[in-house]
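Please read the structure below before turning to the comments.
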Amino acid sequence: MDDPYKYEDFQVGTKVFLDNEYGIIVNVKFHESSTVVRWDTSVENDFEDWSGMWGPFVQMGGKIIDPNYQFKYINDDGTLKDF
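Per the numbering used here, the very first residue in the sequence shown carries number 1; after that it's consecutive.
In structure tokens, the structure reads:
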């Protein structure tokens, strides 16, 4: 079965979902080819690098979600909300 997404679909600002967690791809680089997800948690440094791993991400049930989804803990740029 083919993946429903192309690598190009996973760009900075894309909102994603995996394992009951929501997140957004942010403009953070751990290395030259990083593609980093900032997960919607209250943990200040909850980042995960999915560079080159979008096939497994989708195979594990990951998906792109509605761009209008409102996060609980983070803003659309990946920064923590002020509470």
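Backbone N, C-alpha and C fix where the C-beta goes; we use that ideal spot for every residue, glycine too.
Practice task
Within its chain, find whatever has a CB closer than 7 angstroms to the CB of D9; leave out the 5 residues flanking it on each side and keep chain order.
Solution key: What you label residue 9 is simply residue 9 of the sequence shown in a count that begins at 1. Result list for D9: I64, in chain order.
Problem - Assumed close pair V36, I25 - CB separation to whole angstroms, cut-off 8 angstroms - result: Position 36 of the sequence shown, counted from the first residue, corresponds to residue 36. Position 25 of the sequence shown, counted from the first residue, corresponds to residue 25. With 8 angstroms as the limit, V36 and I25 qualify as a contact, their Cβ atoms being about 7 angstroms apart.
Handout entry: Y73 in three-state terms, based on DSSP
Key = Position 73 of the sequence shown holds residue 73. Note: Y73 maps to coil in three-state DSSP.
Practice task
Determine the extent of the alpha helix (DSSP H) in which F57 is found, giving its start and end residues.
Solution key: The sequence position of residue 57 within the sequence shown is 57, counting from 1. Segment W54 to Q59, the alpha helix (DSSP H) holding F57.
Problem - Coil, strand or helix - Y7 by DSSP - result: Counted from its first residue, the sequence shown places residue 7 at position 7. Here Y7 sits in helix by DSSP.
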